[in-house]
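Quick note on numbering: UniProt numbering labels position 15 of the sequence shown as 15, and the sequence is numbered without any gaps.
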Amino acid sequence: MVTELAVDHVSVRFDLPGATVAAVADVSLRLRPGQCLALVGESGCGKTVLASALLGFLPGNAQVSGSATLSDDRGPTLDLLSATDQQLATSVRGRRIGLIPQSPASHLTPVRTARAQLEEVVRAHHPAEPDPRGRANGVAARAGLSPADLDHYPHELSGGMAQRVATALALVGDPWLLIADEPTTGLDHHLVEGLLEEFRRLVADGHAVLLITHDLAAAQRVADRIAVMYAGRLIEIGPPSTVLDAPGHPYTRGLGDALPDRAFTAVPGMPPLLTDLPPGCSFAPRCDRVGPECAELPTLAADAEHAVACHRPC
Ligand SMILES: Nc1ncnc2c1ncn2[C@@H]1O[C@H](COP(=O)(O)OP(=O)(O)OP(=O)(O)O)[C@@H](O)[C@H]1O
Ligand code: NI
Numbered sequence: 001m002v003t004e005l006a007v008d009h010v011s012v013r014f015d016l017p018g019a020t021v022a023a024v025a026d027v028s029l030r031l032r033p034g035q036c037l038a039l040v041g042e043s044g045c046g047k048t049v050l051a052s053a054l055l056g057f058l059p060g061n062a063q064v065s066g067s068a069t070l071s072d073d074r075g076p077t078l079d080l081l082s083a084t085d086q087q088l089a090t091s092v093r094g095r096r097i098g099l100i101p102q103s104p105a106s107h108l109t110p111v112r113t114a115r116a117q118l119e120e121v122v123r124a125h126h127p128a129e130p131d132p133r134g135r136a137n138g139v140a141a142r143a144g145l146s147p148a149d150l151d152h153y154p155h156e157l158s159g160g161m162a163q164r165v166a167t168a169l170a171l172v173g174d175p176w177l178l179i180a181d182e183p184t185t186g187l188d189h190h191l192v193e194g195l196l197e198e199f200r201r202l203v204a205d206g207h208a209v210l211l212i213t214h215d216l217a218a219a220q221r222v223a224d225r226i227a228v229m230y231a232g233r234l235i236e237i238g239p240p241s242t243v244l245d246a247p248g249h250p251y252t253r254g255l256g257d258a259l260p261d262r263a264f265t266a267v268p269g270m271p272p273l274l275t276d277l278p279p280g281c282s283f284a285p286r287c288d289r290v291g292p293e294c295a296e297l298p299t300l301a302a303d304a305e306h307a308v309a310c311h312r313p314c
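Have a look at this one:
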């Protein structure tokens, strides 16, 4: 059996009174053991919504289409988008897919210490473990925490500390696929290095990592592919060297130019409103290469090594 997550043509819309938000549109991607895919893009482009769709964490006003097939030897092959919450809770979350959520503090129980929460998850995943405390300390160390750090309540943890507790919680069940949503937020340079090292080690051990990040430099250091999202769509995907050094999409070129060691110039203009997307390329209003053909939606060749959804690539 091929171990894989196959995301095919996934779209997520939110119905609001009088408007529809097209948060994710027609996203396809694949992840296999030994791979790290970085998903990058400006705030609000749909990264967290995509991750939430995969784990069944979308609110009731979300309309989802497409499929996300999870195949591995840890459970039945499953479409994550049509699975029941019961199936996701008992067989997927934490066991086949681990999530480091974007706001980790809000996922911790306020009245119990980090240790109590981590040891509970250790016991749930490893009922025969004779030393849950030792195992919790071990997984905490991999996330950059000392045993003493665990004896705090969530409100006593800094943002970076809560982030590391969330990382430890996600690692406990040894999921083959880890989805990390902005895991370096609030961490200092030293801790970012440690976390990226842990991701590299997981990938070398045969895990897969979907790294959602604003930090292109981090993506470059750990990912073997970078997928760039704009206004809910994937607009470019390829190896970091290509995407960052020889990008095809004008938006990706703009993102690369915003790196601190380059021009540091942000892409001019604002992303479009997701309630009111233009029919063609949604980057066209900001694009310096725009032409008449951009009134048609460009497509992305999903299976190519390097793919660009642009009529006039750089
Ligand atoms: N429950 C909801 N109802 C309506 N719109 C929503 C809902 N949740 C998210 N959105 C919208 O969907 C879009 C995508 O949001 P998302 O959180 O995925 O962005 P993101 O790429 O993760 O951004 P960031 O980098 O800031 O975390 C945003 O415009 C957001 O306002
Ligand atoms: Ni997000």
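Note that CB positions come from ideal geometry on N, CA and C, so glycine has one too.
Go ahead and label residue i buried or exposed: buried means 16 or more other beta carbons lie within 10 angstroms of its beta carbon, across all protein chains shown.
i      : result
Ser106 : exposed
Ser11  : buried
Leu88  : buried
Ala301 : exposed
Thr77  : exposed
Asn61  : exposed
Leu16  : exposed
Thr213 : buried
Glu119 : buried
Asp26  : buried
Val111 : exposed
Thr84  : exposed
Thr109 : exposed
Ala140 : buried
Gln63  : exposed
Gln117 : buried
Thr252 : buried
Arg201 : exposed
Given this structure, state the Cα-to-Cα distance separating residue i from residue j, to the nearest angstrom.
i           : j      : result
Thr48       : Gln102 : 8 Å
Thr184      : Gly291 : 38 Å
Asp8        : Asp151 : 43 Å
Glu305      : Ile237 : 8 Å
Pro239      : Leu145 : 32 Å
Ala216      : Asp276 : Looking at the sequence provided, one finds Leu at residue 216 rather than Ala. Roughly 28 Å separates the two Cα atoms.
Arg74       : Thr90  : 12 Å
residue 367 : Pro33  : Look at the range of the chain in this structure, 1 to 314, and you will see that residue 367 is not part of it.
Asp181      : Val21  : 21 Å
Pro272      : Pro285 : 9 Å
Gly232      : Ala166 : 26 Å
His311      : Thr299 : 9 Å
Asn137      : Arg221 : 27 Å
Arg30       : Leu195 : 23 Å
Gly254      : Cys294 : 18 Å
Glu296      : His249 : 16 Å
Asp257      : Pro313 : 16 Å
Ala128      : Arg115 : 19 Å
Taking DSSP as the reference, what is the three-state secondary structure of residue i?
i           : result
Ala227      : strand
Gln102      : coil
Leu55       : helix
Asp181      : strand
Cys287      : coil
Pro76       : strand
Leu81       : coil
Gly44       : coil
His9        : strand
Leu145      : coil
Leu16       : strand
Gly186      : coil
Ala136      : helix
Glu293      : helix
residue 327 : No statement about residue 327 is possible, as the shown extent of the chain runs from 1 to 314 and does not include it.
Val111      : coil
Val267      : coil
Thr242      : helix
residue 321 : With the chain running from 1 to 314 in the structure shown, residue 321 is simply not present.
Leu273      : coil
Where does the unbroken beta strand (DSSP E) through residue i begin, and where does it stop?
i      : result
Ala309 : It is not in any beta strand (DSSP E) - Ala309 carries neither H nor E in the DSSP assignment.
Thr20  : 19–31
Val209 : 208–213
Which residues mark the beginning and the end of the alpha helix (DSSP H) in which residue i is found?
i      : result
Gln163 : 159–171
Val192 : 189–204
Leu255 : 250–257
Ala124 : 114–125
Ala219 : 216–222
Just list the residues that DSSP pairs residue i with in beta bridges.
i      : result
Ile237 : Ala227, Ala307
Asp71  : Here residue 71 turns out to be Ser, not Asp, going by the sequence shown. Looking at the DSSP assignment, Ser71 forms a beta bridge with Glu4.
Arg93  : Ile97
Cys36  : Val209
Gln63  : Arg13
Using a Cβ-Cβ cut-off of 7 Å, state whether residue i counts as contacting chain D.
i     : result
Thr48 : No chain D is present in this structure, which holds just one protein chain.
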